[in-house]
Amino acid sequence: MTFNQLELTEPLQKAVQKAGYKNPTPIQAQSIQAILDGRDILGCAQTGTGKTAAFSIPTIQLLSRNNGTTERKRAIRSLILTPTRELAIQIGESLEQYGSFSNLRSLVIFGGVPQHSQVQALKQGIDILVATPGWLLDLMDQGYISLSQLEIFTLDEADRMLDMGFVHDVKKVIKKIPAKRQTLFFSATMPDAILDLANSILNNPLKVEVTPPSSTAEMIGQEVYFIDKSNKKKLLIDLLKSGDEDRILVFTRTKHGANKVVKDLTKTGIKAEAIHGNKTQNARQKALKNFKDKSTRVLVATDIAARGIDIDELALVINYEIPNISETYVHRIGRTGRAGASGKAISFCDYEEKAYLKDIQKLIDQKIPVIEDHSYPMEVFEVPEKKPQQQRGNRNQQRKSSGAGSGQKSGRNRFERSKNK
Ligand code: AMP
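Numbering-wise, the sequence shown is residues 1 to 421 according to this note's numbering.
See below:
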């Protein structure tokens, strides 16, 4: 399918051309026309699949169609709710890109920054608002935002909203928007709690499921090093010194861990910055900018902070620690190999993490090649005293709630899961 086969108006066709897109991605091919036709969407897709364009392009076209036909004051007609500030900013950038030939105004709002400029922009009138839920409610409570004219409501990364404890806020927002509207609902996974929410707000949606995350892994060159925790730092430094990749994303499980890695790398002269929830919005944006323009070679991130970061041509992702939720691994390595490009993902696995690795391999239905010949082979073959049992227990619980345990490769339609139970 080509973009010409979709009924896009000239401003959108031009924007797509300018972005350099040749063909719609599967989620775009399946949803854009349906959204233009007014359908609700229940989309199962993660970042990296082109879902932002899948909802942004038709939203811009629909709002442009009704733009200026009557004398009206500009009002918020589309709301896009997203869990993180980074994701909100990226969606805002995409809207600007796809809307560059359309006469609409969009605005991104999030907390942690002075609200004055956001309030000023709101007062001038905007068409599309991108927001994180808590901050949106805050500004609504202060009387700066009215959603009474809302036509299209998009909920992005619904499962992450649940993980981050935002679902209550999302429900509050839903109560404040018109019942008569078009709703576009996207989530990377479809656990029951998310399906229940979707069913309660969607009207006969078109269900769209793009390639499950597990198959993303097939395009990415993966390697695992078995290594003791205490040697991970040395291996990381060796790999960074011998490799020629100009941008490397390193994942740690904790904020503290991310700071520590940055400190270790900086000491050896490798330029690194951390991005995590304890950093101010400005610091995060600055780190991201430095990484994008290649003035920082290594970005060390926690999973929540990394969610939604879109960096093109990222050649290498390193899992300094193996995530205890298998799907997180797939999300992490999906940072490389975006939109069809190939990439590489290296994982450092200590003895305690072997159980996580086993689960990951089961999920992706692949055995990750082991690099046997390296300077720091594993020597500690026992799990330290601290609660391994409890950790595995938590993991199973979380996997259950994220729907990860139900076998991505089974071919079973994820939308059907709750019914099959
Ligand atoms: P997303 O899943 O929305 O985070 O998009 C992932 C990446 O794919 C972004 O860098 C987009 O610019 C890119 N992208 C989106 N749609 C297309 C397309 N049709 N062709 C090529 N790249 C695309």
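For every residue, glycine included, the Cβ atom is placed at its ideal position computed from N, Cα and C.
Check, Outcome
"Can I76 and V130 be called in contact, C-beta distance under 8 Å?", "no"
"Could you check which residue in D156, S56, R297 has the C-alpha nearest to that of G43?", "D156"
"Flag this pair as yes or no: are the beta carbons of G50 and T82 separated by less than 8 Å?", "no"
"Taking only heavy atoms of ligand 1 into account, decide whether any of them is closer than 7 Å to the Cβ of Q120.", "no"
"Between the Cα of T52 and the Cα atoms of F186, I368, K358, K263, which residue gives the shortest distance?", "F186"
"Specify the secondary structure class of F3 as computed by DSSP and reduced to three states.", "helix"
"When you compare each of L6, D37, Q33 to K22 by their alpha carbons, which one comes out closest?", "L6"
"Between A179 and Q118, what straight-line distance do the alpha-carbon atoms span, to the nearest angstrom?", "27 Å"
"In chain order, which continuous runs of the alpha helix (DSSP H) of length 4 or greater are located wholly inside the segment 239 to 315?", "255 to 267, 281 to 292, 303 to 306"
"Do the CB positions of A272 and V300 come within less than 8 Å of each other?", "yes"
"Alpha carbon to alpha carbon, how far is N67 from K289?", "34 Å"
"Name the DSSP bridge partner or partners of S106?", "I128"
"Thinking C-beta only, is N203 closer than 8 Å to D373?", "no"
"For V317, which three-state DSSP category applies?", "strand"
"Note down the Cα distance separating Y144 from A88, rounded to an integer number of angstroms.", "19 Å"
"In whole angstroms, what separates the C-alpha of R74 from that of T59?", "16 Å"
"For ligand 1, I want to know if K51 counts as a neighbour, meaning its beta carbon is within less than 7 Å of at least one of the ligand's heavy atoms.", "yes"
"Going by the C-beta, is P24 closer than 7 Å to any heavy atom of ligand 1?", "yes"
"Just to confirm, is the Cβ distance from D350 to I227 under 8 Å?", "yes"
"Tell me the DSSP secondary structure of V208 in three-state form.", "strand"
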